[in-house]
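Numbering (the numbering used here), first residue to last: 414 to 739. Some notes on the structure that comes next.
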Ligand SMILES: Nc1ncnc2c1ncn2[C@@H]1O[C@H](COP(=O)(O)OP(=O)(O)O)[C@@H](O)[C@H]1O
Ligand SMILES: [Mg+2]
């Protein structure tokens with residue numbers, strides 16, 4: 414029996430598909446999972462199963478338990494606002510696979526941005542959505558206990574994005590090591606861990622967040638920084654000034670949702686993290702695949718190195734980026 418046949422059996426056992434033929438149609442995009450679309454009598458569903466070995470050039474190992482973290486995050490975020498995540502339909506017994514409802518007719522935000530359709534208000538809704546999950550879970554012992562994923566977060570985020578660069582760049586190493594230690598030490602709210610435009614669907618009701626395999630109880634500044642980094646890098650790549658406006662809007666609406674701590678402190682941490690993440694996407698283990706132009710890389714590297722050495726609050730950083738790349 415093939416692995417895919419196992420999935421079909423498990424979908425049958427969960428009552429999601431009947432006895433007839435079941436087609437697993439691969440969905441493109443991911444490096445860390447098998448993701449399939451499956452037609453069922455009650456509409457299309459998505460089945461997602463984490464891979465042991467990520468499909469990236471450098472070797473990455475990540476425990477398949479991250480599938481379980483994703484399901485937990487999806488369920489928790491749905492209690493915060495059911496519009497911002499797909500409904501989980503079943504957890505399947507093997508390999509932390511799960512099924513969720515497929516959202517028809519919802520493009521991936523990254524594809525919209527690359528096509529030049531930069532909706533500033535949508536960026537604002539992304540900021541509101543992330544902040545809503547952070548606000549609902551801040552300083553909450555039950556959420557903290559439900560996401561004890563520090564080792565996974567270290568392996569998939571802190572090591573490749575911060576420490577890997579620190580090992581190569583002695584001048585920045587003290588700042589990056591201190592930033593990594595600070596990030597790991599903060600237990601403030603439930604962090605998604607991969608808020609990238611390719612993990613956000615554009616629905617009629619606003620953003621829908623997918624792919625929470627890196628979820629951890631940690632520093633909410635990470636999610637804001639991660640998403641802003643994507644927008645700022647794309648602004649350089651596509652020379653589209655609307656992308657910097659989108660970043661501005663994202664930070665503004667997020668800031669308005671900060672209810673659990675001093676907003677200035679959070680924005681400073683997010684500024685430090687964004688500088689480091691920008692650098693990681695040109696120097697790290699997970700380079701942005703679209704930043705191939707050496708001039709683009711040089712610009713990002715120079716700006717990011719300067720910002721790691723002299724950090725700015727994220728709103729100031731974005732304004733500066735806007736002036737430089739408008
Ligand atoms: N519930 C869903 N509805 C519609 N499309 C989805 C859904 N879940 C995933 N997809 C599509 O599959 C792609 C990969 O899913 P994702 O959860 O991001 O997996 P990976 O970890 O492999 O990146 C997404 O970019 C999206 O295009
Ligand atoms: Mg994804």
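We treat Cβ as the ideally placed atom computed from N, Cα and C, and that holds for glycine.
- In this chain, the beta strand (DSSP E) harbouring residue 449 covers 446-451.
- For residue 635, the three-state secondary structure derived from DSSP is helix.
- One thing to note: residue 626 has its Cβ no nearer than 8 Å to the Cβ of residue 485.
- The closest heavy atom of ligand 1 lies less than 7 Å from the beta carbon of residue 612.
- In the DSSP assignment, residue 684 falls within the alpha helix (DSSP H) that extends over 676-696.
- Annotation for residue 624 indicates a beta carbon within 7 Å of some heavy atom of ligand 2.
- Taking the Cβ atoms as the reference, residue 660 lies roughly 17 Å from residue 692, outside the contact range of under 8 Å.
- With a threshold of 16 other beta carbon atoms within 10 Å, residue 538 meets it and is buried.
- Going by C-alpha positions, residue 628 is about 19 Å away from residue 682.
- Residue state for residue 660 is assigned as helix, using DSSP reduced to three classes.
- Counting along the chain, the unbroken beta strand (DSSP E) around residue 512 starts and ends at 511-514.
- For residue 633, the closest C-alpha among the options 648, 600, 533, 657 is that of 600.
- Within its own chain, the residues whose Cβ lies closer than 7 Å to the Cβ of residue 570, once the five positions on either side in sequence are excluded, are 606, 627, listed in chain order.
- Under the three-state reduction of DSSP output, residue 667 falls in the helix class.
- Taken through DSSP and simplified to helix, strand or coil, residue 581 comes out as helix.
- Taking 8 Å as the cut-off, the beta carbon of residue 436 is found closer than this to the beta carbon of residue 451.
- Going by DSSP, residue 533 is part of the alpha helix (DSSP H) stretching over 533-550.
- CA-to-CA, the gap between residue 670 and residue 536 works out to about 14 Å.
- Apart from the 5 residues on each side of it in sequence, residue 644 sits with its Cβ closer than 6 Å to the Cβ of 656, 659, 660 in its chain, given in chain order.
- Residue 630 has 603 as its beta-bridge partners, per DSSP.
- Per the C-alpha coordinates, the member of 505, 553, 620 positioned closest to residue 429 is 505.
- Using a cutoff of 7 Å, the CB of residue 710 does not count as near ligand 1, since none of the ligand's heavy atoms is closer than that.
- Following the DSSP letters along the chain, one finds residue 525 inside the alpha helix (DSSP H) bounded by residues 522-527.
- When C-alpha distances from residue 561 are compared across 433, 603, 511, 638, the shortest belongs to 603.
- Within the model, the alpha-carbon separation for residue 736 versus residue 434 is close to 57 Å.
- With a cut-off of 7 Å, the C-beta of residue 639 is classified as distant from ligand 1, since no heavy atom of the ligand falls inside that distance.
- Counting C-beta atoms within 10 angstroms of its own C-beta, residue 612 has 16 or more neighbours from the protein chains shown and is therefore classed as buried.
- Between ligand 1 and residue 565, a heavy atom-to-CB distance of less than 7 Å is absent.
- Across the set 482, 488, 579, the C-alpha of 579 shows the shortest separation from the C-alpha of residue 722.
- Here the distance from the Cβ of residue 439 to the nearest heavy atom of ligand 1 is not below 7 Å.
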